[in-house]
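Numbering (this note's numbering), first residue to last: 1448 to 1977.
Beta carbons: idealized from backbone N, C-alpha and C, even for Gly.
Model, not experiment: these values are computed from the prediction.
Structure, as structure tokens:
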């Protein structure tokens, strides 16, 4: 049994992490090997795997509330990927229920990559485990943290296999199966080690929801409007947008001009609604795609109620494009706010000097707010200042909305982000993604339109590049890089969509696509009318 351990918060004692994982995999294998499904003909030559994530109490509580409607923290949460009952499959498996082989050879083809061998991987589900409860329950029951950790893992694995403890007999059976697996690995109550160092304190309650927005336009406290975020490539516009959203709405990467279209984010506050437009970076275009990106930026600036110009606090002068935005604000009499971003990158002693340069240059034309989109420092000051500049009015969108980007669009952007992150300097921004198929299915593999009813989304995507050599780079040796791109993009899509995703990609060459109007229209880069 393979376990993908995610301990991003580094809650485990580092010296024990490498020692614990093989033991956890052996324990999960002991659970799985005792289930009827493990010998099902459909799973012959298939290797099962599990995602195991360690999360603090407040995050566990939030997920428990969102997914199960229970507003309290717990020790472990299990999210099965398949419909099993008492260890047996309840319905036939489909081709998309299997992952591609990890250790077999691969062949390049127009349809991406296909495994040469018969070995496949079978995803059992996700397990979220709470280290704080592990420590507390280990102390309460008088055994080691290692023992408690493994017991909860075994318990969660049984849930993934279709066991439950709604009745007394069911609970007794689950406990007996857990104890049997632990005994098989000689994990007695007197054995084991402390796994976690002192854990950081967590908030006792989940984040509070914003107050309901006033619905009456006559309420003088109510403001609403569009805010255009402009700035040079990689000024941090998409990072700021994602900070405000709490979701990856816009691609962020070390590459310039990552954002290609205006992305709308809706931020609801007690007495205001701020609608942000993240524009492509201000630059001199050298292709028709670049021209359309600049047209989109300028159009957003014309339509906005407030212009937010994002500058790197370390720069010492304005570009021609930044000056044009300032001039547009002056001519159109639009409110303007300057945000000096990336204060986390500058030396603290240099920030006053950089700030003074822009104060002298831009005041009294515009207020200036220093901030760090990465850390969040100064973001609240930014929102307060923007609220002051917005015109009075009722909310423009439903308060429950947070973006007008479709899930289909966001899925395409997540895949394009992985391509940029994994290819870096080898591939310029000559890639695009087109989602050909976005099919939502329920547990019976029937199409649904209500996202609450779906258990699987099948996505078929085309990756376009403008050089034959780039196709080989994206696919990688024996398909190795495309496999990584697909896996990481799929995991992010599953987080976004809240269900299992089957992702199929096709890499195709379209020479000079960035200068072909029809191709640009097909990809959604429409020409903006002045």
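If the five residues before and after residue 1526 are omitted, its C-beta is found closer than 6 angstroms to the C-beta atoms of 1572, 1573, all from its own chain and listed in chain order.
Listed in chain order, the alpha helix (DSSP H) runs fully inside the segment 1821-1865 are 1826-1836, counting runs of at least 4 residues.
Residue 1894 sits exposed, since fewer than 16 C-beta atoms from the chains shown fall within 10 Å of its C-beta. In the three-state reduction of the DSSP assignment, residue 1784 falls in the strand class, which pools E and B. In this structure, DSSP gives residue 1904 an extended state, which the three-state scheme calls strand. Looking from the CA of residue 1825, the closest CA among 1448, 1843, 1859, 1789 belongs to 1789. By the beta-carbon neighbour count (other beta carbons within 10 angstroms, threshold 16), residue 1627 is exposed. Distance from the Cα of residue 1878 is smallest, within the candidate group 1908, 1886, 1889, for 1908. Excluding sequence positions up to five before and after residue 1488, its CB lies less than 8 angstroms from no other CB in the same chain. By the C-beta density criterion, residue 1544 is buried, having at least 16 other C-beta atoms within 10 angstroms. Judged by DSSP in its simplified three-state form, residue 1515 adopts helix.
A straight line joining the alpha-carbon of residue 1717 with that of residue 1829 spans about 16 angstroms.
The alpha carbon of residue 1451 has as its nearest neighbour, out of 1568, 1807, 1485, 1683, the alpha carbon of 1568. Of the other Cβ atoms in all chains shown, 16 or more fall within 10 Å of the Cβ of residue 1475; this residue is therefore buried. By the Cβ neighbour-count rule, residue 1516 is exposed, with fewer than 16 other Cβ atoms within 10 Å of its own.
Per DSSP, residue 1615 lies in no beta strand (DSSP E); the unbroken alpha helix (DSSP H) holding it starts and ends at 1615-1631.
Exclusion of the five residues before and after residue 1494 leaves 1568 as the residues of its chain whose Cβ lies within less than 6 angstroms of its Cβ. Contact annotation: residue 1576 and residue 1477 have beta-carbon atoms that are not nearer than 9 angstroms.
In the DSSP assignment, residue 1817 falls within the beta strand (DSSP E) that extends over 1815-1817. Residue 1947: not part of any alpha helix (DSSP H); member of the beta strand (DSSP E) spanning 1947-1956, first to last residue.
In the structure shown, residue 1675 falls within a strand segment according to DSSP collapsed to helix, strand and coil. Nearest neighbour of residue 1682 by Cα position, chosen from 1918, 1768, 1618, 1597, turns out to be 1768.
Two segments are said to touch when three or more pairs of C-beta atoms, one from each, lie closer than 8 angstroms; by this definition the segment 1668-1688 touches the segment 1759-1777.
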